[in-house]
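S.K.: Please read through the structure below; I'll follow up with questions.
Numbering (full-length UniProt numbering), first residue to last: 1 to 424.
This is the structure in structure tokens:
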């Protein structure tokens with residue numbers, strides 16, 4: 001073991017990345033030398049991406065991490081999770097369910113992942129770690145994850161849950177959440193990306209679940225949840241603008257397509273649009289997961305709302321759109337690409353349905369070829385009238401059809417794409 005620990009820290013980080021959370025924790029507890037030798041691997045595993053929720057515990061933890069001489073500089077991405085408390089929790093539903101994770105697992109042919117409740121306990125900090133414990137997520141591979149399904153006999157502390165809900169509401173209405181998150185971003189010198197998502201469980205949610213016997217919800221299907229998402233978006237964007245963080249990317253990935261939020265929620269008021277002009281021009285990548293049909297009547301002006309939000313980011317070079325289920329007109333796509341052609345270099349479309357037939361896609365390609373031929377389009381399982389769009393290619397004399405492909409980059413490539421796309 002001693003010989004192993006004498007290897008360069010960069011090599012140890014690669015080796016220890018294969019250990020599950022429990023084994024990695026046990027290794028670090030063996031001796032002070034092991035803790036020192038595994039510090040880089042530990043930092044990469046738990047601090048490169050920080051998952052947080054809008055609770056005092058989680059927000060204070062983010063600020064402490066930002067002030068830490070080792071862990072603060074290691075953070076490059078902050079993910080604001082949708083876990084939150086509601087005024088009328090479903091006490092009978094004691095399973096920490098993450099529908100997004102389950103859907104993704106089934107799509108990839110895996111079993112639904114279970115959600116772990118135990119963060120790694122690593123409270124005995126060595127001198128190399130600054131003598132303090134800052135909390136750890138422990139979210140890794142499926143092998144790291146253990147069940148958080150509570151038994152029928154688990155007691156839910158209703159009074160404690162209510163206090164946490166009241167504290168959450170006070171933090172939001174008083175502006176303290178805004179202050180905490182802004183301070184957190186300001187103290188992270190190497191922050192590159194911020195995301196809003198409900199696909200991971202933050203460390204704070206796991207701690208609160210152990211405290212009260214019931215996990216915070218991360219669902220987006222209740223009358224209380226949608227306004228909360230809107231608040232999270234406003235708070236996060238305002239914190240980004242106020243902190244001056246030189247981000248390269250922002251992602252809004254709350255829910256999978258059928259449970260995602262609607263464009264009318266993301267359209268801010270004019271006052272906020274003006275303030276968000278303070279967001280650093282270094283932000284060039286945007287990812288949006290939107291469901292125009294998730295709310296009755298939202299489809300009426302959803303393209304206007306969506307474009308109003310996207311246009312706040314003036315220097316975008318790459319945009320990933322996940323929209324569904326809906327009919328998205330090629331004119332809307334063409335209008336957007338032409339309006340942003342001075343900066344936009346690429347667009348990723350995931351599961352988007354364009355109305356009409358394959359000729360509508362071809363007309364879009366022809367428009368781009370004529371006015372922005374260097375533009376690149378990434379298409380993943382998009383449809384026309386219920387049929388999937390494919391790129392027809394030949395390999396060793398055999399035809400193959402791909403539903404995940406990239407087109408564009410030059411006038412010739414767009415011409416080739418127009419000839420090669422089919423619907424079937």
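Yeah, the Cβ is synthetic: ideal placement off N, Cα and C, and Gly gets one too. Since we're looking at a predicted model, the values are computed, not measured.
Grab me the residues of residue 273's own chain with a C-beta within less than 7 Å of its C-beta, minus the 5 sequence neighbours each way, in chain order.
M.R.: Taken in chain order, the residues that qualify are 312.
S.K.: Mind reading off the beta-carbon distance from residue 59 to residue 175? Whole number of angstroms is fine, and I expect it under 8 Å.
M.R.: With a Cβ gap of about 12 Å, residue 59 and residue 175 do not count as contacting.
S.K.: Could you name the residues of the same chain whose beta carbon sits closer than 8 Å to that of residue 380, not counting the 5 residues immediately before and after it, in chain order?
M.R.: Taken in chain order, the residues that qualify are 348, 349, 350, 351, 403 and 404.
S.K.: Taking the alpha-carbon positions, what's the residue 283 to residue 41 distance?
M.R.: Whole-angstrom Cα-Cα distance: 29 Å.
S.K.: In chain order, what residues of the same chain have a beta carbon less than 6 Å from the beta carbon of residue 127, not counting five sequence neighbours either side?
M.R.: Residue placement at residue 127 cannot be trusted, given a pLDDT of 32 that sits under 50; what the coordinates show is reported in the next sentence. So the list is empty, once near-sequence residues are dropped.
S.K.: Does the Cβ-Cβ distance between residue 378 and residue 345 come in under 8 Å?
M.R.: No; because the gap between Cβ atoms is not below 8 Å, this pair is not in contact.
S.K.: Give the straight-line distance between the Cα atoms of residue 211 and residue 51, rounded to the nearest whole angstrom.
M.R.: Near 19 Å, if we compare the C-alpha coordinates of residue 51 and residue 211.
S.K.: Can you confirm whether residue 73, when its beta carbon is compared against all beta carbons of chain D, has any partner nearer than 8 Å?
M.R.: This model lacks chain D altogether; it includes just one protein chain.
S.K.: For the alpha helix (DSSP H) containing residue 276, list its first residue and its last residue.
M.R.: Residue 276 -> no alpha helix (DSSP H), and no H or E assigned at all.
S.K.: Report all residues from its chain with a CB closer than 8 Å to the CB of residue 388; omit the five preceding and five following residues, and keep chain order.
M.R.: These residues qualify, in order along the chain: 381, 382, 403, 423 and 424.
S.K.: If you follow the beta strand (DSSP E) that residue 388 is part of, which residue opens it and which one closes it?
M.R.: 387 to 395 is the extent of the beta strand (DSSP E) around residue 388.
S.K.: Around the Cβ of residue 17, are there at least 16 other Cβ atoms within 10 angstroms (buried) or fewer (exposed)?
M.R.: Under this definition residue 17 is an exposed residue.
S.K.: Here's a check: name, in chain order, each residue in its chain whose Cβ is nearer than 7 Å to the Cβ of residue 71, leaving out the five neighbours to either side.
M.R.: Hits under 7 Å: 43, 47, 65 and 134.
S.K.: According to DSSP, is residue 83 part of a helix, a strand, or is it coil?
M.R.: Coil.
S.K.: Check residue 353 in the structure and name its three-state DSSP category.
M.R.: Strand, per DSSP.
S.K.: Which same chain residues, not among the five before or five after residue 172, have their C-beta less than 8 Å away from its C-beta?
M.R.: So the list reads 54, 231 and 235, once near-sequence residues are dropped.
S.K.: Using the Cα positions of residue 250 and residue 195, report the straight-line distance between them to the nearest angstrom.
M.R.: One C-alpha to the other measures close to 6 Å.
S.K.: According to DSSP, is residue 408 part of a helix, a strand, or is it coil?
M.R.: In the structure shown, residue 408 sits in a strand (DSSP, three-state: E or B).
S.K.: Taking all protein chains shown into account, do 16 or more other C-beta atoms lie within 10 angstroms of the C-beta of residue 397, making it buried, or fewer, making it exposed?
M.R.: That one is exposed.
S.K.: Should residue 83 go down as buried or exposed, given a rule of 16 or more other Cβ atoms within 10 Å for buried?
M.R.: Counting Cβ neighbours within 10 Å, residue 83 comes out buried, since at least 16 surround it.
S.K.: DSSP three-state label for residue 54, please.
M.R.: Coil at residue 54, not helix or strand.
S.K.: List in chain order: all unbroken alpha helix (DSSP H) runs of 4+ residues lying wholly within the region 202 to 244.
M.R.: Correct list: 203 to 212 and 225 to 243.
S.K.: Are residue 85 and residue 164 closer than 8 Å when you measure CB to CB?
M.R.: In contact: residue 85 and residue 164 (Cβ atoms closer than 8 Å).
S.K.: Between the C-alpha atoms of residue 138 and residue 81, what's the straight-line distance to the nearest angstrom?
M.R.: Low confidence applies here, because residue 138 scores a pLDDT of 36, under 50, leaving its location unreliable and the question unanswered by this model.
S.K.: Quick one, which of 189, 49 and 228 has its alpha-carbon nearest residue 69's?
M.R.: If we check each option's Cα against that of residue 69, 189 comes out closest.
S.K.: Could you compute how far the alpha carbon of residue 418 sits from the alpha carbon of residue 74?
M.R.: Going by the C-alpha atoms only, they are around 45 Å apart.
S.K.: Which partner residues does residue 398 have in the DSSP bridge list?
M.R.: Per DSSP, 395.
S.K.: What is the DSSP secondary structure of residue 197, reduced to helix, strand or coil?
M.R.: If DSSP states are grouped into helix, strand and coil, residue 197 belongs with the strands.
S.K.: Leaving aside the five residues before and after residue 200 along the sequence, list all residues of the same chain whose C-beta is less than 7 Å from its C-beta, in chain order.
M.R.: These residues qualify, in order along the chain: 51, 79, 81 and 139.
S.K.: Starting from residue 27, trace the alpha helix (DSSP H) both ways and give me its first and last residue.
M.R.: Taken as a continuous stretch (DSSP letters only), the alpha helix (DSSP H) holding residue 27 covers 21 to 28.
S.K.: Would you mind working out which of 368, 61, 28 and 358 sits nearest residue 202, comparing C-alpha positions?
M.R.: Answer by Cα proximity: 61.
S.K.: For residue 413, which three-state DSSP category applies?
M.R.: Note: residue 413 maps to helix in three-state DSSP.
S.K.: Using only alpha-carbon positions, find the residue among 216, 178 and 198 that is nearest to residue 158.
M.R.: Cα-wise, what sits closest to residue 158 is 216.
S.K.: Can you look up residue 313 in the DSSP assignment and give me helix, strand or coil?
M.R.: Coil at residue 313, not helix or strand.
S.K.: Distance check for residue 178 and residue 136, CA to CA, integer angstroms please.
M.R.: Low confidence applies here, because residue 136 scores a pLDDT of 44, under 50, leaving its location unreliable and the question unanswered by this model.
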